[in-house]
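Single-structure report; data block below.
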Amino acid sequence: MRENNNSLIIEFILVGFTDQQILKTLLFLVFFAIYLITMVGNLGLVVLIYIERRLHTPMYIFLGNLALMDSCCSCAITPKMLQNFFSVDRKISLYECMVQFYFFSLAETADCFFLATMAYDRYVAICNPLQYHTMMSKKICLQMITGTYIAGNLHSIIHVGLLFRLTFCKSNVIKHFYCDVFPLYRLSCADPYINELVMLILSSSIQTFSITVVLISYFYILFTLFTMKSNEGRGKALSTCASHFLSVSIFYGSLLYMYAHPHSVNEGDNDIPVAIFYTLVIPLLNPFIYSLRNKEVINVMKRTMKKR
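Each residue of the sequence shown is one higher than the one before, counting from -4 in my numbering.
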């Protein structure tokens, strides 16, 4: 990978958001607060699910893994971004760049599948309650979780491997706040067509599969809810599904816009607001969406705090 003067490019410069010192300080404080709340919220949820036996059910196990991946996403992006607010050179090495994208891609891919498995879990619980312990046994849950992490790792490895086929000679300045693939494609002096094609095929396939699982699950859930005679049962089922459906809508909406439409690579700085939303805001919102709307989680938190 060479610059125009034939020297090897071994590092990139992350431009970030602004060069104005006042705005830098303000943005640093805002994003640092978001990072702290995100980590406390998600890791706190993971610990709560781990230590409380009442939450050792498929729904909460999937939720715990979702929170873990949200933490992984924040850890992959935010620390380097915060460092660059007060860094003079704002440099990131080629291999740091690849590692950052690897963990980010792993977290986002795993989130897709975990949201799908959570929708399927709700479908089984509401539409087939008598078969729930058979259809969502510990063995099946473990297989789903293992498959999700394998798929996430494979997806990340493929894209990182394809990045190494590119040569970067136009510039080493990334007009973004982290190492995403599209800014790297724009810097490549080799044709990134294959990378773009693989990204479009794999990302679209993963999102189409997971969204299809979610939509089919909720179609049957809604059909079952409308046929329920008990208003109490209907209300309980709706409250259980509402937080998940809200999280799904926010997550898939931003991710589809970012990676599944064909002109993403040419949008330049226009994708930064969307990137901020799904890399920083969504991991922040998820623990609150699931905790504040879930009476069982709230009750467990209250009991745990009283014991302490």
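Think of the CB as a built atom: it goes at the ideal place given N, C-alpha and C, for glycine as much as any other residue.
Own chain residues within Cβ distance below 8 Å of F81, not counting five before or after = K19 and F23
Enumerate, from N- to C-terminal direction, the unbroken beta strand (DSSP E) stretches of 3 or more residues contained entirely within the stretch 70 to 152.
-> 86 to 88
Taking the C-alpha atoms as reference points, what is the distance between M113 and Y215?
-> 14 Å
For S183: DSSP bridge partner residues = F163
With 16 other CB atoms within 10 Å as the buried threshold, where does I46 fall?
-> exposed
For E6, name the three-state secondary structure that DSSP assigns.
-> strand
Could you check the C-alpha separation between S238 and F159 for me, to the nearest Å?
-> 40 Å
Taking just the CA atoms, how far does I29 sit from K75?
-> 14 Å
Measure how close the beta-carbons of A111 and C67 come, nearest whole angstrom, since I'm counting them as under 8 Å.
-> With 8 Å as the limit, A111 and C67 do not qualify as a contact, their Cβ atoms being about 18 Å apart.
If you draw a straight line from the alpha carbon of H258 to that of F221, how long is it in whole angstroms?
-> Residue placement at H258 is poorly supported in this model, since its pLDDT is 49, which falls under 50; the coordinates are not used for a value here.
Tell me, please, whether the stretch 32 to 39 touches the stretch 275 to 288 by the rule of three or more beta-carbon pairs shorter than 8 Å.
-> yes
Can you name, in chain order, every residue of its own chain whose Cβ lies under 7 Å from the Cβ of Y144, other than the five neighbours on each side?
-> A105
Backbone CA spacing between L43 and F163 [nearest angstrom] | 45 Å
Hey, could you find the ends of the alpha helix (DSSP H) V35 is sitting in?
-> Q16 to I46
Since T274 is in the alpha helix (DSSP H), which residue starts that stretch and which ends it?
-> No alpha helix (DSSP H) contains T274, which DSSP labels as neither H nor E.
With a cut-off of 8 Å, do at least 3 Cβ pairs link the stretch 120 to 140 to the stretch 183 to 195?
-> no
Please say whether L9 and F246 have beta carbons closer to each other than 8 Å?
-> no
Got a sec, what are the start and stop residues for the alpha helix (DSSP H) L312 sits in?
-> An answer regarding residue 312 cannot be provided, because it is not within the stretch -4 to 303 covered by the chain.
Compute the distance between the beta-carbons of S335 and Y90, then report whether it is under 8 Å.
-> There is simply no residue 335 to check, as the chain begins at -4 and stops at 303 in what is shown.
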